[in-house]
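Below is one structure, written out as structure tokens; comments come after it.
Chains as they are written, first to last, in my numbering: chain A, 357 to 600; chain B, 287 to 492.
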């Protein structure tokens, strides 16, 4: 199991929250955010996404897929100590740099040399690259693929599955094995960027499942009227047999 | 104990140099252009900002038919407004609004990552991505809300929405009392990103 899958409800973390309202707390964070968005907008999978972007005609050297699934898989794979230690965009910088090294776009030696003597970058201003990135931001990458084929109607009692954890998951760990009620069935079936190994990837229905906090946390639930809602792919739901 | 949690003294400077080196190499190798990152940032600084969400909230406060529609068909309701192109773009493909009422307070979280409705709220503030907030808000939302200044009546129901699927959620906060004569601009000043995620109420900025 991976701690990052079980963050929801984890106890013992610092109390007395203060809200850091800035989006970026250091200027350099903006650059890694921009690089990430560019990778998302140039990802080869966009050729088959909706809309079908003319990605093969864009004159970028980027020839890989890069989606949220890649960034999330990296974050979920981190040493939990490091996950808590490093700030959000520090994690992005580490993960994205490693991706470019692993895929052979840059080498550690090149990075070290650049860090040592940064000169202004010279590149070809290929407008098509920037146009594609902005087009992705405006048009998006919807995972909706089909009309819905739901197996669970609204009101169904369901037990949340407990599949073996793989590299990546969209199932919050605190819901594994818990029971809830289908509150809403979304229109359409929804794919996920990748096959996570724990059941999602191919188009399938998504549900909102309503949980009583006491059914999740037992006596550790807060007093007072509360409900928790999670959006869950159908692969994460199992039926509860009616007692006859 | 080791120095697992010790940071190097040049923590920020080192990261700044590393990201600059990476960006420069990606430009030289033709992955991106010298303008790509700046254009992305400009998009979020000028078009996809919380101003869009504020306009949606104020329309919900002042137009009952819109208020009814925006929680049922959020993309359809938003499409009727004169907002920048791209409200259904990246991280807005499936927007979903939930509305606070006198007896119900909504709170949006993402315990697995940092799902956030970019087109209407811009980029997430740091608190939303904070592991401590994400872990605690799932189990003890009432206590977390009280700590950040939202003291709800004991009989107000709290609905926590964990963004683990395709939707990107945001909250229509309640319109503060005593604002009957306010113009739309005055009303917009009462709406913050925090209120549109549920960790604040609408009201004068504190």
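Glycine included, C-beta positions come from ideal geometry on N, C-alpha and C.
The structure presented is a predicted model; accordingly, all values stated were derived computationally and were not measured.
Can you pull out the residues from the region 484 to 517 of chain A whose beta carbon lies closer than 8 Å to at least one beta carbon of chain B? Against chain B - using a Cβ distance shorter than 8 Å - the residues of the region 484 to 517 of chain A are 485, 486, 489, 490, 492, 493, 494, 495, 496, 497, 498, 499 and 500.
So, is the C-beta of residue 448 of chain A closer than 7 Å to a C-beta in chain B? One-based indexing of the first chain puts residue 448 of chain A at position 92. Look at residue 448 of chain A: its C-beta is not under 7 Å from any C-beta on chain B.
So which residues on chain B does residue 393 of chain A lean against when the C-beta distance must stay under 7 Å? Position 37 of the first chain holds residue 393 of chain A. Close to residue 393 of chain A, with beta-carbon spacing below 7 Å, are these residues of chain B in chain order: 326.
What's the call for residue 293 of chain B, buried or exposed, on a 16-neighbour Cβ count within 10 Å? As a working note, residue 293 of chain B is residue 7 in the second chain. Using a 10 angstroms sphere on the CB of residue 293 of chain B, the tally of other CB atoms stays under 16, which defines it as exposed.
Excluding the 5 residues flanking residue 498 of chain A on each side, which residues of the same chain have their C-beta closer than 6 Å to its C-beta? Indexing the first chain from 1 puts residue 498 of chain A at position 142. Same-chain partners within the cutoff: 406.
Expected contact under 8 Å - CB spacing of residue 417 of chain B and residue 363 of chain A to nearest Å: Sequence index remark: in the second chain, residue 417 of chain B carries index 131 (1-based). Sequence index remark: in the first chain, residue 363 of chain A carries index 7 (1-based). That belief holds up - the Cβ atoms of residue 417 of chain B and residue 363 of chain A are roughly 6 Å apart, short of 8 Å.
Between which residues of its own chain and residue 287 of chain B is the CB-CB distance below 6 Å, once the five residues before and five after are set aside? On the second chain, position 1 is the one that residue 287 of chain B refers to. Only weak support is given to the placement of residue 287 of chain B: the predicted model assigns it a pLDDT of 47, under 50, and the value that follows is read from those uncertain coordinates. Around residue 287 of chain B, the same chain offers no residue with a beta carbon nearer than 6 Å, after the five sequence neighbours per side are excluded.
Please report the distance separating the alpha-carbon of residue 474 of chain A from that of residue 303 of chain B. Start at 1 with the first residue of the first chain, and residue 474 of chain A comes out as number 118. Start at 1 with the first residue of the second chain, and residue 303 of chain B comes out as number 17. Spanning the two alpha carbons is a distance of roughly 8 Å.
If you follow the beta strand (DSSP E) that residue 392 of chain B is in, where does it begin and where does it stop? Position 106 of the second chain holds residue 392 of chain B. Following the DSSP letters along the chain, one finds residue 392 of chain B inside the beta strand (DSSP E) bounded by residues 390 to 395.
When you compare the CB of residue 371 of chain B with every CB in chain A, is at least one pair closer than 7 Å? If you number the second chain from 1, residue 371 of chain B lands on position 85. In terms of beta-carbon proximity, residue 371 of chain B lines the interface with chain A, with at least one pair separated by less than 7 Å.
So the beta strand (DSSP E) residue 445 of chain B belongs to, where does it begin and stop? On the second chain, residue 445 of chain B is found 159 positions in, with the first residue counted as 1. Its beta strand (DSSP E) spans residues 443 to 448.
Residue 429 of chain B and residue 392 of chain B closer than 7 Å at C-beta: Looking up residue 429 of chain B in the second chain gives position 143. Looking up residue 392 of chain B in the second chain gives position 106. No.
Contacts around residue 460 of chain B, its chain only, beta-carbon distance under 6 Å, and the 5 residues preceding and following it disregarded: Walking along the second chain from the start, residue 460 of chain B turns up at place 174. Contacts found: 386.
Just list the beta strand (DSSP E) runs in the region 524 to 590 of chain A, keeping only unbroken ones of 3 residues or longer that don't cross its boundaries, in chain order. The qualifying runs are 535 to 546, 560 to 567 and 582 to 589.
Thinking residue 501 of chain A and residue 559 of chain A are a contact (beta carbons under 8 Å), I'd like their distance in whole angstroms, please. Here the question's residue 501 of chain A lines up with position 145 in the first chain. Here the question's residue 559 of chain A lines up with position 203 in the first chain. Sure, about 4 Å apart at Cβ, within 8 Å.
Would you mind sorting residue 441 of chain B into buried or exposed? The rule is 16 or more other CB atoms within 10 Å of its CB. Position 155 of the second chain holds residue 441 of chain B. Under a 10 Å Cβ-count criterion, residue 441 of chain B is classified as exposed, with fewer than 16 other Cβ atoms of the shown protein chains found around its own Cβ.
Residues of chain B with CB under 8 Å from residue 526 of chain A, in chain order? By one-based count along the first chain, residue 526 of chain A stands at place 170. Chain B residues near residue 526 of chain A: 398, 450 and 451.
Less than 7 Å separating the beta-carbons of residue 387 of chain A and residue 305 of chain B? Within the first chain, residue 387 of chain A is the residue found at index 31, counting from 1. Within the second chain, residue 305 of chain B is the residue found at index 19, counting from 1. Closer than 7 Å, so yes.
Where residue 375 of chain A sits in the DSSP three-state scheme: As a working mapping, residue 375 of chain A is identified with position 19 in the first chain. Three-state result, residue 375 of chain A: coil.
Do the region 390 to 407 of chain B and the region 455 to 470 of chain B touch if we need at least three Cβ pairs shorter than 8 Å? Output reads yes: the region 455 to 470 of chain B touches the region 390 to 407 of chain B.
Whole runs of the alpha helix (DSSP H) within the region 400 to 488 of chain A, excluding any shorter than 4 residues: The qualifying runs are 424 to 433, 436 to 441, 444 to 458 and 464 to 472.
Give the list of continuous beta strand (DSSP E) stretches no shorter than 3 residues that lie fully inside the region 352 to 413 of chain B. Here the runs fully enclosed are 381 to 385 and 390 to 395.
I'd like the span of the beta strand (DSSP E) that includes residue 593 of chain A, first residue to last. In the first chain, counting from the first residue as 1, residue 593 of chain A sits at position 237. Run containing residue 593 of chain A: 593 to 595, per the beta strand (DSSP E) assignment.
Residues sharing a beta bridge with residue 502 of chain A, DSSP: Here residue 502 of chain A refers to the residue found at position 146 when the first chain is read from its first residue. Looking at the DSSP output, residue 502 of chain A sits in a beta bridge with A/545.
Secondary structure of residue 359 of chain A, DSSP reduced to three states: Residue mapping note: residue 359 of chain A aligns to position 3 of the first chain, counting from 1. Residue 359 of chain A: helix per DSSP, three-state reduction.
Cβ pair residue 556 of chain A, residue 548 of chain A closer than 7 Å: Counting from one through the first chain, the residue named residue 556 of chain A turns up at place 200. Counting from one through the first chain, the residue named residue 548 of chain A turns up at place 192. For residue 556 of chain A and residue 548 of chain A, yes; Cβs fall inside 7 Å.
Nearest-angstrom Cα distance between residue 554 of chain A and residue 524 of chain A? As a first step, residue 554 of chain A must be located in the first chain, where it is residue number 198. As a first step, residue 524 of chain A must be located in the first chain, where it is residue number 168. Separation of residue 554 of chain A and residue 524 of chain A (C-alpha to C-alpha, rounded to the nearest whole angstrom) is 8 Å.
In chain order, which continuous runs of the beta strand (DSSP E) of length 3 or greater are located wholly inside the region 421 to 484 of chain B? Counting whole runs of 3 or more residues, the region 421 to 484 of chain B contains the beta strand (DSSP E) stretches 443 to 448 and 454 to 458.
Applying the criterion that 16 or more other CB atoms from any shown protein chain within 10 Å of the CB defines a buried residue, is residue 526 of chain A buried or exposed? To locate residue 526 of chain A, count along the first chain from 1; it is residue 170. Around the C-beta of residue 526 of chain A, 16 or more other C-beta atoms lie within 10 Å, and the residue is accordingly described as buried.
Based on DSSP bridge pairs, tell me the residues matched to residue 515 of chain A. Taking the first chain and counting its residues from 1, the one referred to as residue 515 of chain A is at position 159. Assignment of beta-bridge partners to residue 515 of chain A by DSSP yields A/535 and A/594.
Considering only residues of the same chain and omitting the five flanking positions on each side of residue 363 of chain B, which have a CB-CB separation below 7 Å? By 1-based counting over the second chain, the position of residue 363 of chain B is 77. Correct list, in chain order: 352, 355 and 356.
Can you list, in chain order, the residues of its chain with a C-beta nearer than 6 Å to that of residue 485 of chain B? Leave out the 5 residues immediately preceding and following it. Here residue 485 of chain B refers to the residue found at position 199 of the second chain. If you ignore the 5 residues before and after residue 485 of chain B, its C-beta comes within less than 6 Å of the C-beta of 434, all in its own chain and listed in chain order.
Taking Cβ to Cβ, would you say residue 404 of chain B is nearer than 7 Å to residue 379 of chain B? Indexing the second chain from 1 puts residue 404 of chain B at position 118. Indexing the second chain from 1 puts residue 379 of chain B at position 93. For residue 404 of chain B and residue 379 of chain B, no; Cβs fall outside 7 Å.
Rounded Cβ spacing between residue 304 of chain A and residue 539 of chain A (contact assumed at less than 8 Å): The structure shown does not extend to residue 304 of chain A, since chain A is modelled only from 357 to 600, so the question has no answer here.
Hey, is residue 287 of chain B's beta-carbon within less than 7 Å of any beta-carbon in chain A? As a first step, residue 287 of chain B must be located in the second chain, where it is residue number 1. Here residue 287 of chain B scores only 47 on pLDDT, less than 50, and its place in the model is too uncertain to base an answer on.
State whether the region 504 to 520 of chain A contacts the region 462 to 476 of chain A, with contact taken as three or more CB pairs (one from each stretch) at a distance under 8 Å. Too few Cβ pairs lie closer than 8 Å, so no.
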